[in-house]
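Chemist:
There are 2 protein chains.
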Amino acid sequence: MGNSVVEPSPFAPKDLPVLPVIQGVRVAACQAGIRYANRTDLLMVVLDPGTVAAGVLTQSKTSSAPVLWCRKSLEKGGARALVVNSGNANAFTGKKGAEATRMTAEAAARAVGATPDDVYVSSTGVIGEPLDASKFAHLLGDLAVKAAPDAWHDAARAIMTTDTFPKLATRTVKLKGGDVLINGIAKGAGMIAPDLATMLVYIFTDAAVDQGVLQGMLVSGADKTFNCITIDSDTSTSDTVLAFATGTAAARGAPRITDANSADGAAFAAALHDLMHELALWVVKDGEGLSKFVTINVKGAESDAAARRIGFAIANSPLVKTAIAGSDPNWGRVVMAVGKAGEAADRDRLSIWYGDIQVAKNGERAPTYVEKTVAAYMEGREVAIGVDIGIGAGKATVWTCDLTHGYISVNADYRS
Amino acid sequence: MGNSVVEPSPFAPKDLPVLPVIQGVRVAACQAGIRYANRTDLLMVVLDPGTVAAGVLTQSKTSSAPVLWCRKSLEKGGARALVVNSGNANAFTGKKGAEATRMTAEAAARAVGATPDDVYVSSTGVIGEPLDASKFAHLLGDLAVKAAPDAWHDAARAIMTTDTFPKLATRTVKLKGGDVLINGIAKGAGMIAPDLATMLVYIFTDAAVDQGVLQGMLVSGADKTFNCITIDSDTSTSDTVLAFATGTAAARGAPRITDANSADGAAFAAALHDLMHELALWVVKDGEGLSKFVTINVKGAESDAAARRIGFAIANSPLVKTAIAGSDPNWGRVVMAVGKAGEAADRDRLSIWYGDIQVAKNGERAPTYVEKTVAAYMEGREVAIGVDIGIGAGKATVWTCDLTHGYISVNADYRS
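In structure tokens form, the structure reads like this:
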């Protein structure tokens, strides 16, 4: 089983982007045989001394052992290595799970000559199955030696579970004194029994950024990107977004970023957020069994937070998602989702658009509504739904995909 | 299209219960041709003078016109007639919708010699389509005349949209002085494009109950029954639970119930709640495309409210629901759902059971866990999942069904 049963996403890119070398970052992947045969499942990233880390981790109350480990390492905020395994999430594995993570971090620390709290660990795959770190901890020394600055495609592939394509993005930021680079890789919500959806995102830059500044930028970026996407409303025990800044661009004359609001800080943050936006959309575009990519724009809500909650109520509604799958202009389901969101709304001020076509106006079907026109619009691969609540200035955009037979097949039809 | 494409629920009863006559209640249904041909779509219930009403209505912010009307009639709390149409929800229809409801209520009031605020109206079916009440308002006079005390099956059928079977239940309560009867009919969450899930429940009793006491009993009953079921997490604009008490049993010597905590009050409330429980489970057992009925018992949470939210997080998780559809003992998805519920939880105290089989204990896979045994249990039509959060005394039970290809077919494959 595994990928063999899954059709590639219709949004899979024809060509993968080629990511530039980032000074101070080297990557290597190998087949450790953690769960699947004939595929890479272990990634090691070696980071030069002086690298700082920032992170955004799952809010799950049943967070995995590696998430708890990363949370602790982030308190210090330095970074010398990242180890990611796929095939086993090391979640809900009790004390044995914590020991497996510690063993992994200690082996990585030895391999790069650092302390364990300079190491970040992620695991993705089956839940509740003990992870035997002795299966791969001894491989980390070799990986550290063979790590190369240009093996980005290998890195993106090694963290995939049931993703149908690797996800990579890169940006160059022109700062006063010198350019800096940002590379990112992600794995998304391609879930196959018995795996859970886990989103893992790793971002690397040679910019010299203060750790606190980087952390702030990552949080605000995640808020508008990774925290605005949903496949099926479920939340992984392992979701992890980490950013590593080596500072090596300073040697080329790039300025140190000590203030997010400076011109250089703002330029860097804009590029970082843009890259996060691209990776977030790749995750959605590889959602399980999807046939359509959906953008939901909410405006006129009581607040931005209310707009976001309304957007998620629409995006997570199985009735809305199945109607989109069927190219059915069933905007009554959007009305329903707005109604159930629990946020302030006034039926008689509500307006709804599908693409540029207004379907509802001030609490009623729009007088110009023609079902056939909307149905034709919905046949497209990308569907945008606009909602004006009509009572305030709050707005938000949420991205999702449709709910198809493919989702059921992937999650119900194939036993582990 | 319509029912023809839908398989009957595997839980459809072989025989419908025969409901007794309740003095003061007469019912009649007819084909008004509101949307579908060759099926009854209009129900009128005539209630004797002196009947009191209680109600629980959807919390949706985009409530339908009939829901708003019922809310107003409940302020007075008397009842002389109930009119229900299927085929059109009269929701999101603006001022025209309010006028259609008023026209319906006025026609019903004329037919029974009452005032419009003694009339209750429900509409279920397509959203956003103007409802032309002139199509059926003139039929209400005839219906009032031909209304009969024993046409309960007709009544239960007339309110169906895409339900695959009528839902009826009855109870007899032994009180000091004389028995009282309770009948109930319901329609559930069988949704076909372009219809929305709407739950409508009507309960009739000949008990003499004070309106405020009946309202309190209905609210507390709904809290443990209709508010504890979920098919797909979506909330209708039209959900309505109404109870009507004619008081005619008093003539047979049955006592007036003026206190929910008296012996008679408690006996009546227990029977009422039991009937509501039965109807709620029938609604779940006719969930769209379901193959399995699922009970989720949560205990050990911080509070009952927390337990219920955790229960709903599990019940609404597409990953949990699809795993159940596939008879996959993927209890890691239950861990995930507990984690995302946002309630206090401690991974290392969490225990999970499938039926009587413990699968997770104190934050780890149970030492006795054998996947094959659990998979065999899950092949059954009814699956019970037990969760002990392990941190408090809060408990709740939530009922749901699995998520199958049938749900996608019903909601995505067939265009309106």
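Chains P and S supply the protein sequences, listed in that same order. Residue numbering for the first sequence follows this note's numbering, starting at 1119 and increasing by one per position. Residue numbering for the second sequence follows this note's numbering, starting at 1119 and increasing by one per position. We treat Cβ as the ideally placed atom computed from N, Cα and C, and that holds for glycine.
1) From Asn1480/P to Arg1467/P, what does the alpha carbon distance come to, in whole angstroms?
2) Report the neighbours of Trp1449/S on chain P: residues whose CB is nearer than 7 Å to its CB, in chain order.
3) Quick check: does the Cβ of Leu1336/S come within less than 7 Å of any heavy atom belonging to the ligand SAH?
4) May I have the straight-line CA-CA distance separating Gly1295/P from Arg1370/P, to the nearest angstrom?
5) Going by other Cβ atoms of all chains shown within 10 Å of its Cβ, with 16 needed for buried, is Leu1314/P buried or exposed?
6) Please classify Ser1252/S as buried or exposed, where buried requires at least 16 neighbouring CB atoms within 10 angstroms.
7) Could you tell me whether the stretch 1132-1147 of chain P touches the stretch 1286-1305 of chain P, where touching means 3 or more Cβ pairs closer than 8 Å?
8) Ignoring anything shorter than 3 residues or poking outside the stretch 1356-1438 of chain P, list the beta strand (DSSP E) runs there in chain order.
9) For Ser1240/P, which residues in the same chain have their Cβ closer than 6 Å to its Cβ, ignoring the five residues on either side in sequence?
10) In the DSSP assignment, the alpha helix (DSSP H) including Lys1264/P goes from what residue to what residue?
11) If we count the other Cβ atoms within 10 Å of its Cβ and call it buried at 16 or more, is Ala1494/S buried or exposed?
12) For Val1201/S, which three-state DSSP category applies?
13) Can you list, in chain order, the residues of its chain with a C-beta nearer than 6 Å to that of Trp1471/P? Leave out the 5 residues immediately preceding and following it.
14) Quick one: is Phe1430/S near chain P, going by C-beta distance under 8 Å?
15) Chain P partners of Val1456/S, CB-CB under 8 Å?
16) Got a sec: which bits of the stretch 1380-1404 of chain S sit with their beta carbon under 8 Å from any beta carbon on chain P, in order along the chain?
17) At a CB-CB cut-off below 8 Å, which residues of chain S make contact with Ala1478/P?
18) Might you give, ordered along the chain, the residues of its own chain that have their beta carbon closer than 6 Å to the beta carbon of Lys1305/S, omitting 5 neighbours on each side?
19) Check whether the Cβ atoms of Phe1362/S and Ala1227/S sit closer than 8 Å, and answer yes or no.
20) For Gln1476/P, name the three-state secondary structure that DSSP assigns.
21) Return no unless some Cβ of chain P is closer than 8 Å to the Cβ of Glu1500/S.
22) Whose C-beta lies closer than 8 Å to the C-beta of Val1331/S among residues of the same chain, with five residues either side of it excluded?
23) For Glu1482/S, decide whether its Cβ has a neighbour in chain P, counting only Cβ atoms nearer than 8 Å.
24) Between the Cα of Met1454/P and those of Asp1133/S, Gly1151/S, Ser1178/S and Leu1160/S, spot the shortest distance and give me the residue it belongs to.
25) Please classify Glu1193/S: is it buried, with 16 or more other beta-carbons within 10 angstroms of its beta-carbon, or exposed?
26) Alpha carbons only, please: which of Lys1292/P, Leu1393/P, Asp1328/P and Phe1322/P is nearest the one belonging to Lys1342/P?
27) DSSP beta-bridge partners for Val1319/S?
28) Given a limit of 7 Å on CB to CB distance, which residues of the stretch 1418-1442 of chain P reach chain S?
29) For Asn1301/S, go through chain P and note every residue whose CB falls closer than 9 Å to its CB, in chain order.
30) With 8 Å as the threshold, decide whether the Cβ of Gly1444/P is near any Cβ in chain S.
31) Three or more C-beta pairs closer than 8 Å, one from the stretch 1205-1224 of chain S and one from the stretch 1247-1261 of chain S: is that the case here?
32) If we count Cβ pairs, one from each stretch, closer than 8 Å, do we get three or more for the stretch 1433-1448 of chain P versus the stretch 1508-1526 of chain P?
33) Along the chain, where does the beta strand (DSSP E) containing Tyr1238/S start, and where does it finish?
34) For the stretch 1316-1327 of chain P, list every residue whose C-beta sits within 8 Å of some C-beta in chain S, in sequence order.
35) Sort Val1452/P, Glu1125/P and Ala1262/P by Cα distance to Leu1165/P and report the nearest one.
36) What is the DSSP secondary structure of Glu1247/P, reduced to helix, strand or coil?
Modeler: Result, derived from the coordinates:
1) If you number the first sequence from 1, residue 1480/P lands on position 362. If you number the first sequence from 1, residue 1467/P lands on position 349. Between Asn1480/P and Arg1467/P, the C-alpha separation is close to 4 Å.
2) The count along the second sequence starts at 1 and reaches residue 1449/S at position 331. By Cβ distance, chain P contributes Gly1246.
3) Among the ligands in the structure shown, none appear at all, so the ligand SAH cannot be discussed.
4) In the first sequence, the residue the question calls residue 1295/P occupies position 177. In the first sequence, the residue the question calls residue 1370/P occupies position 252. For Gly1295/P and Arg1370/P, the distance between alpha carbons rounds to 8 Å.
5) As a working mapping, residue 1314/P is identified with position 196 in the first sequence. Residue placement at Leu1314/P cannot be trusted, given a pLDDT of 42 that sits under 50; what the coordinates show is reported in the next sentence. Leu1314/P is buried by the Cβ-count criterion.
6) Here residue 1252/S corresponds to residue number 134 of the second sequence, with the count starting at 1. Looking at its Cβ environment, which holds fewer than 16 other Cβ atoms inside 10 Å, Ser1252/S is exposed.
7) yes
8) 1358-1363 and 1411-1419
9) As a working note, residue 1240/P is residue 122 in the first sequence. So the list reads Pro1184, Val1202, Leu1318 and Thr1358, once near-sequence residues are dropped.
10) Translated into the one-based positions of the first sequence, residue 1264/P becomes position 146. Here the alpha helix (DSSP H) through Lys1264/P covers Leu1258 to Lys1264.
11) Position 376 of the second sequence, counted from the start, is the residue given in the question as residue 1494/S. Burial call: exposed.
12) Translated into positions along the second sequence, residue 1201/S becomes position 83. The answer is strand: DSSP assigns Val1201/S an E or B state.
13) Against the first sequence, residue 1471/P aligns to sequence position 353. Same-chain partners within the cutoff: Gly1504.
14) Reading the second sequence from its first residue, position 312 is the one you call residue 1430/S. No - not a single Cβ of chain P is within 8 Å of the one on Phe1430/S.
15) Within the second sequence, residue 1456/S is the residue found at index 338, counting from 1. The answer, in chain order, is Lys1179 and Thr1180.
16) none
17) Position 360 of the first sequence, counting from 1, holds the residue named residue 1478/P. By Cβ distance, chain S contributes Phe1210 and Gly1246.
18) The count along the second sequence starts at 1 and reaches residue 1305/S at position 187. Result list for Lys1305/S: Ile1277, Met1278, Asp1281 and Leu1318, in chain order.
19) In the second sequence, residue 1362/S corresponds to position 244, counting from 1. In the second sequence, residue 1227/S corresponds to position 109, counting from 1. In this structure, Ala1227/S does not lie closer than 8 Å to Phe1362/S by Cβ.
20) The sequence position of residue 1476/P within the first sequence is 358, counting from 1. Note: Gln1476/P maps to strand in three-state DSSP.
21) On the second sequence, position 382 is the one that residue 1500/S refers to. Not one chain P Cβ lies under 8 Å of Glu1500/S.
22) Looking up residue 1331/S in the second sequence gives position 213. Excluding positions up to five away in sequence, the list reads Ile1375, Thr1376, Asp1377, Ala1378 and Gly1383.
23) Counting from one through the second sequence, the residue named residue 1482/S turns up at place 364. It does; some Cβ of chain P falls within 8 Å.
24) Counting from 1 along the first sequence, the entry for residue 1454/P is found at position 336. Selected option, being the one with the closest Cα: Ser1178/S.
25) As a first step, residue 1193/S must be located in the second sequence, where it is residue number 75. With fewer than 16 other Cβ atoms within 10 Å, it is exposed.
26) Along the first sequence, one-based indexing puts residue 1342/P at 224. Of Lys1292/P, Leu1393/P, Asp1328/P and Phe1322/P, the residue nearest in Cα terms is Leu1393/P.
27) Here the question's residue 1319/S lines up with position 201 in the second sequence. Paired residues: Ala1304/S and Val1359/S.
28) Ser1435, Pro1436, Leu1437, Thr1440 and Ala1441
29) Sequence index remark: in the second sequence, residue 1301/S carries index 183 (1-based). Per Cβ cutoff of 9 Å: no residues; Asn1301/S is ~30 Å from chain P at best.
30) One-based indexing of the first sequence puts residue 1444/P at position 326. Taking Cβ atoms only, chain S reaches closer than 8 Å to Gly1444/P, which makes this a yes.
31) yes
32) yes
33) What you label residue 1238/S is simply residue 120 of the second sequence in a count that begins at 1. Val1237 to Val1244 is the extent of the beta strand (DSSP E) around Tyr1238/S.
34) none
35) Mapped onto the first sequence, residue 1165/P falls at position 47. Checked all of Val1452/P, Glu1125/P and Ala1262/P; the closest Cα to Leu1165/P is Ala1262/P.
36) Against the first sequence, residue 1247/P aligns to sequence position 129. If DSSP states are grouped into helix, strand and coil, Glu1247/P belongs with coil.
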